[in-house]
Amino acid sequence: MEKAGSTFFRAAPVPKRAALWLVFLAPFFYLSYGGANWLASQRAHVPNLAFAWESAIPFLGWTIIPYWSINLFYALCLFINTTPRDVDRLARRYLTIQIVAVACFVAFPLEAIFVRPATSGLPGFMFAVLGGFDKPFNQAPSLHVALLVVIWDHLRGRLPRRARLLWHFWCFLIGASVLTTWQHHVMDIPTGMLLGLFAAWLFPRDAGSPLAKFAMSGDPKSRRLGVYYLCGAVICLGLAALCTPLTAAALLLLWPAVALAIVAVGYFGAGPQIFQKRADGRATLASRWLLAPYRLGALINVWLWTRTMPASVVIADGVHLGRFPRRHEADRFATVIDMTGELQRPGGTLARWCSFPTLDLAALDKIQTFAAANHVEAARQQGPVLVCCALGFQRSACVIMRWLLISGRCENPAEALRLLERAGRRVHLPARSIHAAMEGLQ
Numbered sequence: 193m194e195k196a197g198s199t200f201f202r203a204a205p206v207p208k209r210a211a212l213w214l215v216f217l218a219p220f221f222y223l224s225y226g227g228a229n230w231l232a233s234q235r236a237h238v239p240n241l242a243f244a245w246e247s248a249i250p251f252l253g254w255t256i257i258p259y260w261s262i263n264l265f266y267a268l269c270l271f272i273n274t275t276p277r278d279v280d281r282l283a284r285r286y287l288t289i290q291i292v293a294v295a296c297f298v299a300f301p302l303e304a305i306f307v308r309p310a311t312s313g314l315p316g317f318m319f320a321v322l323g324g325f326d327k328p329f330n331q332a333p334s335l336h337v338a339l340l341v342v343i344w345d346h347l348r349g350r351l352p353r354r355a356r357l358l359w360h361f362w363c364f365l366i367g368a369s370v371l372t373t374w375q376h377h378v379m380d381i382p383t384g385m386l387l388g389l390f391a392a393w394l395f396p397r398d399a400g401s402p403l404a405k406f407a408m409s410g411d412p413k414s415r416r417l418g419v420y421y422l423c424g425a426v427i428c429l430g431l432a433a434l435c436t437p438l439t440a441a442a443l444l445l446l447w448p449a450v451a452l453a454i455v456a457v458g459y460f461g462a463g464p465q466i467f468q469k470r471a472d473g474r475a476t477l478a479s480r481w482l483l484a485p486y487r488l489g490a491l492i493n494v495w496l497w498t499r500t501m502p503a504s505v506v507i508a509d510g511v512h513l514g515r516f517p518r519r520h521e522a523d524r525f526a527t528v529i530d531m532t533g534e535l536q537r538p539g540g541t542l543a544r545w546c547s548f549p550t551l552d553l554a555a556l557d558k559i560q561t562f563a564a565a566n567h568v569e570a571a572r573q574q575g576p577v578l579v580c581c582a583l584g585f586q587r588s589a590c591v592i593m594r595w596l597l598i599s600g601r602c603e604n605p606a607e608a609l610r611l612l613e614r615a616g617r618r619v620h621l622p623a624r625s626i627h628a629a630m631e632g633l634q
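Numbers given in the numbering used here equal positions in the sequence shown, counted from 1, plus 192.
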């Protein structure tokens with residue numbers, strides 16, 4: 193899809209490129225969305241997923257105005273770009289949302305059970321137009337909310353600071369209007385948000401797609417870990433399917449299912465790019481929310497393994513080895529060299545953060561390990577340095593070992609390992625990590 197789109201629109205400037213995408217996307221939307229509606233209407237029985245208390249949600253006719261306004265922003269955002277690449281990224285986000293949502297509508301149609309009261313004036317006219325096209329199907333995930341996530345993200349960084357608060361408020365009205373116009377049920381909203389975040393993650397700002405350089409890993413352990421995470425995703429998906437007839441809240445299990453599936457893809461061959469973590473230790477908004485269930489599990493794992501251990505230990509010459517730090521722990525150091533891909537730097541920390549994202553328990557990239565080790569020696573000139581990973585047992589220990597060897601502080605891996613053990617930090621360095629630390633030193 194990406195290659196074909198780039199070829200078709202390659203020579204077009206921003207306004208023309210935006211217009212061409214709109215000419216394609218608008219008919220595609222109405223044909224596919226309307227087709228899914230028609231297919232659902234042909235079924236003898238279409239289920240619904242609604243909580244009993246949803247009957248208390250008020251009908252506010254005037255909110256059809258913010259509800260409809262997303263159509264304007266949908267088109268407008270394609271033209272509010274500075275480069276053709278920006279146009280393509282937004283259009284691909286739109287297209288991804290529409291394809292996935294319509295596929296869900298066809299495979300698992302749902303019906304809204306509300307019967308709207310008669311409405312007059314402008315809201316009445318807008319409801320009449322909407323009812324001529326939009327039948328009470330196509331519920332979860334809410335296509336409206338999914339597109340709203342992408343549109344909100346697109347404009348929030350392009351508006352003047354004073355206009356952002358108004359933009360956030362209007363987007364809140366659009367999001368709430370899917371309920372107050374009785375167009376959707378409650379669980380359509382989080383599923384729509386999940387889809388919108390996925391599209392934003394798949395086509396991030398200022399970077400290529402995290403799947404663009406996918407190549408099946410040659411490391412058996414990495415592939416095995418990928419299978420474990422994929423099994424976790426399948427279990428969550430299965431539980432969602434089994435429990436949703438009992439309670440609509442079971443759809444929330446789709447969130448960890450998607451997160452674990454993405455992590456599995458990372459281990460299969462996409463690499464740490466799935467976390468979209470920058471050199472300063474921060475990740476994209478889409479990655480932070482989309483992978484939050486996995487990150488929560490990683491933080492719990494850190495606490496379980498290291499709660500009775502010191503946060504860090506000094507190795508030599510102001511260089512420390514430790515677990516991923518909390519803010520007050522990070523502020524004890526001038527520089528933190530972070531080897532995790534899955535965890536984000538603590539908010540508000542004063543330490544200079546240098547991130548070298550890697551996957552937990554997978555083989556480290558030799559070039560990246562060498563770069564991190566060299567950075568240790570440079571950073572220690574400016575004050576104490578913490579080299580960390582999630583637990584401080586393997587990834588960071590491998591970098592420390594490499595630093596000890598290339599700086600001449602230790603003559604061989606056995607001596608470096610003894611120094612690490614004397615520091616009082618439990619480390620787990622497989623033979624391949626020790627061999628990698630030795631490469632290029634002979």
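Positions of the beta carbon are idealized from the N, C-alpha and C atoms, including for glycine.
Whole angstroms is fine: what's the gap from A290's alpha carbon to L335's? Residue identity check: residue 290 is Gln in the sequence provided, not Ala. Using only the alpha carbons, I get a separation of about 7 Å.
Touching or not, the region 455-473 and the region 548-566, by the rule of three or more beta carbon pairs under 8 Å? yes
Going by DSSP, what residue range makes up the beta strand (DSSP E) through I272? Where I272 is concerned, there is no enclosing beta strand (DSSP E), given that its DSSP letter is neither H nor E.
Coil, strand or helix - T255 by DSSP: helix
Could you tell me whether the region 516-523 touches the region 426-433, where touching means 3 or more Cβ pairs closer than 8 Å? no
Assign A508 to one of three DSSP states: helix, strand, or coil. strand
Delimiting residues of the alpha helix (DSSP H) encompassing I366: R353 to T372
Would you kindly check if the distance between the Cβ of A425 and the Cβ of A449 is under 8 Å? yes
Which of helix, strand or coil does DSSP assign to A475? strand
Whole-angstrom distance between P301 and W230, CA atom to CA atom: 11 Å
Residue ranges of each beta strand (DSSP E) within the region 547-600, 3 or longer: 577-580
Assuming contact is defined by CB atoms lying nearer than 8 Å, are A338 and T255 in contact in what I supplied? no
Going by DSSP, what residues sit across from R544 in a beta bridge? T527
How should G418 be labelled, buried or exposed, when 16 other C-beta atoms within 10 angstroms of its C-beta is the threshold for buried? buried
Are the CB atoms of L494 and L583 nearer to each other than 8 Å? Leu is not the amino acid found at residue 494; the sequence shown has Val there. Closer than 8 Å, so yes.
Three-state secondary structure (DSSP) at V206? helix
Could you say which of G600, A391 and R356 lies nearest to A478 if we only look at CA atoms? A391
Could you check the C-alpha separation between Q573 and I598 for me, to the nearest Å? 16 Å
Just how far apart, CA to CA, sit K405 and D398? 16 Å
Taking the straight line between their C-alpha atoms, what separation do you get for L445 and G323? 32 Å
One question on the structure: do F329 and E303 come within less than 8 Å of each other, judged by their Cβ atoms? yes
Where the alpha helix (DSSP H) through G313 begins and ends: G313 to F325
Whole-angstrom distance between R281 and T275, CA atom to CA atom: 10 Å
Does DSSP put G418 in a helix, in a strand, or in coil? helix
Close beta carbons around G616, own chain, < 7 Å, minus the five adjacent residues each side: V505
Might you give, ordered along the chain, the residues of its own chain that have their beta carbon closer than 7 Å to the beta carbon of R348, omitting 5 neighbours on each side? R356 and W359
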